[in-house]
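Colleague:
Number of protein chains: 4
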Amino acid sequence: MTRDDGPDVEGLQRRLADFAAARGWEPYHTPKNLAVALSVEAAELVEIFQWLTPEESARVMEEPEGAHRVRDEVADVLAYLLQFCEVLGIDALQALSEKIDRNEIRFPPK
Amino acid sequence: MTRDDGPDVEGLQRRLADFAAARGWEPYHTPKNLAVALSVEAAELVEIFQWLTPEESARVMEEPEGAHRVRDEVADVLAYLLQFCEVLGIDALQALSEKIDRNEIRFPPK
Amino acid sequence: MTRDDGPDVEGLQRRLADFAAARGWEPYHTPKNLAVALSVEAAELVEIFQWLTPEESARVMEEPEGAHRVRDEVADVLAYLLQFCEVLGIDALQALSEKIDRNEIRFPPK
Amino acid sequence: MTRDDGPDVEGLQRRLADFAAARGWEPYHTPKNLAVALSVEAAELVEIFQWLTPEESARVMEEPEGAHRVRDEVADVLAYLLQFCEVLGIDALQALSEKIDRNEIRFPPK
Numbered sequence: 745m746t747r748d749d750g751p752d753v754e755g756l757q758r759r760l761a762d763f764a765a766a767r768g769w770e771p772y773h774t775p776k777n778l779a780v781a782l783s784v785e786a787a788e789l790v791e792i793f794q795w796l797t798p799e800e801s802a803r804v805m806e807e808p809e810g811a812h813r814v815r816d817e818v819a820d821v822l823a824y825l826l827q828f829c830e831v832l833g834i835d836a837l838q839a840l841s842e843k844i845d846r847n848e849i850r851f852p853p854k
Numbered sequence: 745m746t747r748d749d750g751p752d753v754e755g756l757q758r759r760l761a762d763f764a765a766a767r768g769w770e771p772y773h774t775p776k777n778l779a780v781a782l783s784v785e786a787a788e789l790v791e792i793f794q795w796l797t798p799e800e801s802a803r804v805m806e807e808p809e810g811a812h813r814v815r816d817e818v819a820d821v822l823a824y825l826l827q828f829c830e831v832l833g834i835d836a837l838q839a840l841s842e843k844i845d846r847n848e849i850r851f852p853p854k
Numbered sequence: 745m746t747r748d749d750g751p752d753v754e755g756l757q758r759r760l761a762d763f764a765a766a767r768g769w770e771p772y773h774t775p776k777n778l779a780v781a782l783s784v785e786a787a788e789l790v791e792i793f794q795w796l797t798p799e800e801s802a803r804v805m806e807e808p809e810g811a812h813r814v815r816d817e818v819a820d821v822l823a824y825l826l827q828f829c830e831v832l833g834i835d836a837l838q839a840l841s842e843k844i845d846r847n848e849i850r851f852p853p854k
Numbered sequence: 745m746t747r748d749d750g751p752d753v754e755g756l757q758r759r760l761a762d763f764a765a766a767r768g769w770e771p772y773h774t775p776k777n778l779a780v781a782l783s784v785e786a787a788e789l790v791e792i793f794q795w796l797t798p799e800e801s802a803r804v805m806e807e808p809e810g811a812h813r814v815r816d817e818v819a820d821v822l823a824y825l826l827q828f829c830e831v832l833g834i835d836a837l838q839a840l841s842e843k844i845d846r847n848e849i850r851f852p853p854k
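Protein chains in written order, with my numbering: chain A, 745 to 854; chain B, 745 to 854; chain C, 745 to 854; chain D, 745 to 854.
1) State buried or exposed for B/ALA839, treating a residue as buried only when at least 16 other CB atoms are found within 10 Å of its CB.
2) Mapping the DSSP letters down to three states, classify A/LEU796 as helix, strand or coil.
3) So is C/GLU791 buried or exposed if we call it buried at 16+ other beta carbons inside 10 Å?
4) Taking all protein chains shown into account, do 16 or more other C-beta atoms lie within 10 angstroms of the C-beta of D/ILE849, making it buried, or fewer, making it exposed?
5) If the cut-off is 7 angstroms on Cβ atoms, which residues from the stretch 775-806 of chain B count as contacting chain D, listed in chain order?
6) So A/ALA781 and B/VAL818 are in contact, right, with Cβ under 8 angstroms, and what is the actual spacing, rounded?
7) Following the continuous alpha helix (DSSP H) through D/VAL818, name the residue where it begins and the one where it ends.
8) To the nearest whole angstrom, what separates the beta carbons of C/ILE844 and D/LEU760, a pair I think is in contact under 8 angstroms?
9) Taking all protein chains shown into account, do 16 or more other C-beta atoms lie within 10 angstroms of the C-beta of C/MET745, making it buried, or fewer, making it exposed?
10) For a contact defined as C-beta to C-beta under 7 angstroms, what are the partners of D/TYR772 on chain B?
11) Of all the CB atoms in chain A, is at least one closer than 8 angstroms to the CB of B/ILE834?
12) Let me check understanding here. Comparing Cα to Cα, which of D/VAL804, D/GLN827, D/ASN847, D/PHE851 lies closest to D/PRO775?
13) For chain A, find out if any of its Cβ atoms is closer than 8 angstroms to the Cβ of B/PRO808; answer yes or no.
14) Within 10 angstroms of the Cβ of C/HIS773, are there 16 or more other Cβ atoms? Answer buried if so, exposed if not.
15) Find the residues of chain C that neighbour D/ALA766, judging by a C-beta separation of less than 8 angstroms, and give them in chain order.
16) What is the DSSP secondary structure of B/LYS843, reduced to helix, strand or coil?
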């Protein structure tokens, strides 16, 4: 199945690579720095939820400001994940597909 | 452009949702818990690199064990990111595309 | 050996507990939330260093703004660590002392 | 007030510095690497709590294995925080004391 109607991972990776190249940011984009930046962005996503109850956390998209902030941090996490994969030649979707295959054996359903 | 030859985001999100449902894990998958789990997996990816020099970090895929470990953590990060987006109804690719649009205005190329 | 001339851990823990109580923040200070807040503050400390080379990172205290920011994040990390330990009745200094004892056996010096 | 009956921060910092020196680990202990290691250990602490409800998280010290794991991660977090402060010449207790002073002004009690 394919998505015909929206951005795809490869296109986003190319846009991110062009974006970094046009700004001379490539020397900073070592795998180590990109992994660290990914973890920093993940923490910024967590920060939105840190004092919320589980129930409150489920309603975070209900008001526009919270929804925007969550989407913005999701974008940042995905951006660094894709850039990390780009510099190391990793196909993230394929890696996840194989991981699910392994987990289906490792954790049999109840 | 579309990927005809590999897993896609929507298909992976469906597999992850089915996987969690078959194991009764849904009650644990609050947005807060999934964001936290994402940050924990991001830290596990960082851990691989924590004592490496920038140069060493660029060679992490050269030996099979390191490469496997990196791909495995990438898969875990992506898994929680997609599950987080699934429970909150966020299109991660679209969110990133819009973020790149905004960043192209915010950070003009040199 | 004792510090006669500065704040001590017990006094800081008491100030932090009083501070939280006076603001009605105690219900938010579950061990889970405090651990998460600790990790968020640790990420904010990391953020200062994320694009620096190892050499640049060693000079981070040389300019006042950077030095203030680092000290501020160190304070936040320690604040949540001490509050976490307070709510769970953990003596952090004792826990570390015992861990060093164990590590001296586990990792013999070269 | 002083602690006469247990380890103190300065003594622990000295033990940690001696421990690292005896193993030739100093070159790895850049401020950047130590901040990153701190964040990785904070994530390992969070991992213990990631699927727990707030109520379950309050009972984590009740069984010995959980209690040991929590104390162990607390020790790791504190170890990297103190080593980070050591290499940058930061007095963590003083930094926190000053931060509480500032917060008492910034967040007046209700």
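Where a beta carbon is used, it is the ideal one built from N, C-alpha and C, also for glycine. Since we're looking at a predicted model, the values are computed, not measured.
Modeller: Quick answer:
1) The residue in question, B/ALA839, is buried, as its Cβ has 16 or more Cβ neighbours within 10 Å.
2) Here A/LEU796 sits in coil by DSSP.
3) Looking at its Cβ environment, which holds 16 or more other Cβ atoms inside 10 Å, C/GLU791 is buried.
4) With fewer than 16 Cβ atoms within 10 Å of its Cβ, D/ILE849 is classed as exposed.
5) Under the 7 angstroms Cβ criterion, the stretch 775-806 of chain B contributes ASN777, VAL780, ALA781, SER783, VAL784, ALA787, VAL790, GLU791, GLN794, TRP795.
6) About 14 angstroms separates the CB atoms of A/ALA781 and B/VAL818; that is not less than 8 angstroms, and the two are not in contact.
7) For D/VAL818, the enclosing alpha helix (DSSP H) stretches over residues 808-832.
8) Rounded to whole angstroms, the Cβ separation of C/ILE844 and D/LEU760 is 7 angstroms, and the two are in contact under 8 angstroms.
9) Confidence is the limiting factor: at C/MET745 the pLDDT is only 43, short of 50, which leaves the residue's position unreliable, though a coordinate-based value still follows. Classification of C/MET745: exposed, given that the 10 Å Cβ count is below 16.
10) The contacting residues are TRP795.
11) Judged by the 8 angstroms Cβ criterion, B/ILE834 is in contact with chain A.
12) Closest option to D/PRO775, Cα to Cα, is D/GLN827.
13) Not an interface residue.
14) So C/HIS773 counts as buried.
15) Here the neighbours are PRO853, LYS854.
16) It is helical.
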